[in-house]
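Novice: In order, the protein sequences belong to chains L and E.
Take 0 as the starting number for the first sequence in numbering that gives the first Met the number 0 and just add one per residue.
Take 0 as the starting number for the second sequence in numbering that gives the first Met the number 0 and just add one per residue.
C-beta: ideal position from N, C-alpha, C; glycine also.
Here the structure is a predicted model, which means the values were calculated and not measured.
2 protein chains.
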Amino acid sequence: MSHTLGARQAQKLRTRQALLDAGLRLLEHQSLSSLGLREITREVGVAPAGFYRHFRDMSDLGVALVEESFGSLRAMVRVIRDGRARSDEVIDGTVDVIAAYVRDHRAHFRFIARERNGGVREVREAIAGELTLFAEELAIDLAGQPESEGWNAEDVRMLADLYVDHMVMTATAFLDVPAAPSPEAAAAERAIARTARRQMRLIHLGRSHWLDDGRGGAA
Amino acid sequence: MSHTLGARQAQKLRTRQALLDAGLRLLEHQSLSSLGLREITREVGVAPAGFYRHFRDMSDLGVALVEESFGSLRAMVRVIRDGRARSDEVIDGTVDVIAAYVRDHRAHFRFIARERNGGVREVREAIAGELTLFAEELAIDLAGQPESEGWNAEDVRMLADLYVDHMVMTATAFLDVPAAPSPEAAAAERAIARTARRQMRLIHLGRSHWLDDGRGGAA
DNA sequence: TCATCCAGTAAACAGTCGTTCGCCGACTTT
DNA sequence: AAAGTCGGCGAACGACTGTTTACTGGATGA
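(1) Whole angstroms are fine: how far does the CA of residue 116(L) sit from the CA of residue 175(E)?
(2) Quick test of your reading: residue 195(L) and residue 94(L), contact by CB under 8 Å. State the CB separation rounded to the nearest angstrom.
(3) Any idea what DSSP makes of residue 0(E), helix, strand or coil?
(4) Taking the alpha-carbon positions, what's the residue 133(E) to residue 192(L) distance?
(5) What are the boundary residues of the alpha helix (DSSP H) that residue 91(L) is part of?
(6) Quick one: list the residues of chain E neighbouring residue 116(L), beta-carbon separation under 7 Å, in chain order.
(7) Under 7 Å, CB to CB, which of the residues in the region 175-202 of chain L have a partner in chain E?
(8) Run the CB neighbour count on residue 3(L), radius 10 Å, all protein chains shown included, and call it buried at 16 or more, exposed below.
(9) Can you tell me where the alpha helix (DSSP H) holding residue 17(E) begins and where it ends?
(10) Determine the extent of the alpha helix (DSSP H) in which residue 233(E) is found, giving its start and end residues.
(11) Check whether the region 137-154 of chain L touches the region 204-212 of chain L, taking contact to mean three or more Cβ pairs, one atom from each stretch, closer than 8 Å.
(12) Could you tell me the boundaries of the alpha helix (DSSP H) in which residue 197(L) lies?
(13) Helix, strand or coil for residue 160(E) per DSSP?
(14) Would DSSP call residue 30(L) helix, strand or coil?
(15) Determine which residues of the region 23-56 of chain L have a Cβ less than 8 Å from any Cβ of chain E, and write them out in chain order.
(16) Beta-carbon within less than 7 Å of residue 62(E)'s beta-carbon, same chain only, minus the 5 sequence neighbours each way: which residues are those?
(17) Strictly below 7 Å CB to CB, what residues from chain L border residue 204(E)?
(18) Taking only beta-carbon atoms, is residue 168(E) less than 8 Å away from chain L?
(19) Residues in the same chain with beta-carbon distance under 8 Å from residue 24(L), minus the five sequence neighbours each way, listed in chain order, please.
(20) Look at the Cβ atom of residue 60(E), then the Cβ atom of residue 18(E), and state whether they are nearer than 8 Å.
(21) Output needed in chain order: residues of the region 140-167 of chain E with a Cβ under 9 Å from some Cβ in chain L.
(22) On the criterion of 16 or more Cβ atoms from any shown chain inside 10 Å, does residue 51(L) qualify as buried, or is it exposed?
(23) Taking a contact to mean a Cβ-Cβ separation below 8 Å, would you say residue 220(E) touches residue 173(E) in this structure?
(24) Helix, strand or coil: which one does DSSP assign to residue 212(L)?
(25) Thinking C-alpha only, which one of 143(L), 111(L), 119(L) is nearest residue 129(L)?
(26) Can you give me the C-alpha to C-alpha distance between residue 104(E) and residue 32(E), rounded to a whole angstrom?
(27) On the CB-based measure, 16 or more other CB atoms within 10 Å of its CB, does residue 30(E) come out buried or exposed?
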């Protein structure tokens, strides 16, 4: 059964987590491919060789960070899924959730944004996989909404991809405003949220007129 | 006047360009922050110390690469600006231009995509600046189109940002299909182009209904 | 209680790195 | 033709890198 996880294994997990945390902290100002193994162990206070007890190499740690990052994101996304029905509220709610995610998990998202096209293949692929999964889930949600009546699966997926891309872009925009609270920063955040809401509204508008001409939007 | 640029200065420029080319080549599979000065000079066949005759450090070379990259992009964008008027043609043309840019300047765009959120601040800011400039120009173009009648400046800019983000995302998607020509690669490219066209069409649809309810889309 | 396991250690390995220095020699200017 | 400029070279520097090795000592299970 799930007994209290012997002091042995517990300590190992704590060290592993310390390595992940230190990595994420150091990645705030540099990218994974320039982050050294010794740099992390030094930060944690562990001998360099100890690193290998937990990760094969830095890409391995990177992939672990991807999983950790998307874990915190998924938890937050469930909030939207169980949201209201009116499109205004869904849009506002989505933007708020994005803003909250970036505020509360800034380092996580910065890591994802940075390594999404970064220099480490394994990590890039892990992120791409998670985003695809995310888009697939969203497509299922969208397909169930009344606005999607008469849509074929391909177009629903097309719309889901557009939404995901837009969410990533919006979150990235939030990243660029300084974390330290200040009047200017708050204003910048509000401007980004305002623009993002209008963009989502415009997309939603396009969505609701997609079938207007009876061609299903096809050329 | 512009006399034929003394053999002295000409040679210097040739070396400088060789450094830039080598850098771009090496950046295909890694990111700027992990690229070493010696790595570049070795590739070119120049002594490490020679690097400093052309660039202060690697960030300096990175910024030069940003300018070079956007130079080739701007040249290509002019093709769209002087394009047809019908929205179908503009959309198809835009997607084709994006595809062509990624095909012909793959290394340039890969660099931009990778360093847009990369670990080197100066380069990140240079890219952000160029993209802002790009969005501003696009906003001017959009404002001049009949579809924008009755739009306020903020909403036009909001739309321009949406288009730019979408173009970047589309170009990035093209990047992920292998450069080597193959049946599968060609099919993947066509799928991306098809999705991108539909997304642009959906956005265009939203744009043309933006003022429908007389509130200018405002909540 | 005793043998076993294994997370973490300390030291050494062969490299690599960015940067500085003085110097050469071909081009440029006078 | 002489003087000056300056791109590129070669060598040396101290610091840092990832990885391997044999080890220690506390938790673990018999």
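Specialist: Checking against the coordinates, here is how it stands:
(1) Taking the second sequence and counting its residues from 1, the one referred to as residue 175(E) is at position 176. Taking the first sequence and counting its residues from 1, the one referred to as residue 116(L) is at position 117. Each residue's alpha carbon lies about 10 Å from the other.
(2) Locating residue 195(L) in the first sequence gives position 196, where the first residue counts as 1. Locating residue 94(L) in the first sequence gives position 95, where the first residue counts as 1. Their Cβ separation, rounded to whole angstroms, is 5 Å, which keeps residue 195(L) and residue 94(L) in contact under 8 Å.
(3) Counting from 1 along the second sequence, the entry for residue 0(E) is found at position 1. Caution applies to residue 0(E), whose pLDDT of 41 falls short of 50 and renders its modelled position unreliable; the value that the coordinates give is listed next. Three-state DSSP puts residue 0(E) in coil, outside helix and strand.
(4) Within the second sequence, numbered from 1, the residue matching residue 133(E) stands at position 134. Within the first sequence, numbered from 1, the residue matching residue 192(L) stands at position 193. Going from the Cα of residue 133(E) to the Cα of residue 192(L) covers about 21 Å.
(5) Residue 91(L) sits at position 92 when you count from the first residue of the first sequence. Counting along the chain, the alpha helix (DSSP H) containing residue 91(L) begins and ends at 86-103.
(6) Residue 116(L) sits at position 117 when you count from the first residue of the first sequence. Per Cβ cutoff of 7 Å: 112, 113, 171.
(7) 194, 197, 198, 200, 201, 202
(8) If you number the first sequence from 1, residue 3(L) lands on position 4. Residue 3(L) should be labelled exposed.
(9) Numbered from 1 along the second sequence, position 18 holds the residue referred to as residue 17(E). Looking at the DSSP string, the run of the alpha helix (DSSP H) that includes residue 17(E) is 6-25.
(10) Outside the shown range of chain E, which is 0 to 218, sits residue 233(E), and nothing can be said about it.
(11) Because the criterion of three Cβ pairs below 8 Å is met, the region 137-154 of chain L and the region 204-212 of chain L touch.
(12) As a position in the first sequence, residue 197(L) is number 198, starting the count at 1. Residue 197(L) -> alpha helix (DSSP H) spans 182-207.
(13) In the second sequence, residue 160(E) corresponds to position 161, counting from 1. DSSP places residue 160(E) in helix when its eight states are reduced to three.
(14) On the first sequence, position 31 is the one that residue 30(L) refers to. The answer is coil: DSSP assigns residue 30(L) none of H, G, I, E or B.
(15) 28, 29, 30, 32, 33
(16) For the purposes of this step, residue 62(E) is taken as the residue at position 63 of the second sequence. Hits under 7 Å: 121, 122, 125.
(17) Position 205 of the second sequence holds residue 204(E). Chain L residues near residue 204(E): 205, 208, 209.
(18) As a working note, residue 168(E) is residue 169 in the second sequence. Answer yes: the Cβ-Cβ gap between residue 168(E) and chain L drops below 8 Å somewhere.
(19) Counting from one through the first sequence, the residue named residue 24(L) turns up at place 25. Closer than 8 Å at the Cβ level, and outside the excluded window around residue 24(L), lie 42, 106.
(20) Locating residue 60(E) in the second sequence gives position 61, counting from the first residue. Locating residue 18(E) in the second sequence gives position 19, counting from the first residue. Yes. Within cutoff.
(21) 153, 154, 156, 157, 158, 160, 161, 164, 165, 167
(22) Here the question's residue 51(L) lines up with position 52 in the first sequence. Exposed, since its Cβ has fewer than 16 Cβ neighbours within 10 Å.
(23) What is shown of chain E runs 0 to 218, which leaves residue 220(E) out entirely.
(24) Within the first sequence, the letter at position 213 stands for residue 212(L). Coil.
(25) As a first step, residue 129(L) is located in the first sequence; it is residue number 130 there, counting from the start. Closest by alpha carbon: 111(L).
(26) Locating residue 104(E) in the second sequence gives position 105, where the first residue counts as 1. Locating residue 32(E) in the second sequence gives position 33, where the first residue counts as 1. When rounded, the distance between both Cα atoms is 21 Å.
(27) Locating residue 30(E) in the second sequence gives position 31, counting from the first residue. Residue 30(E) should be labelled buried.
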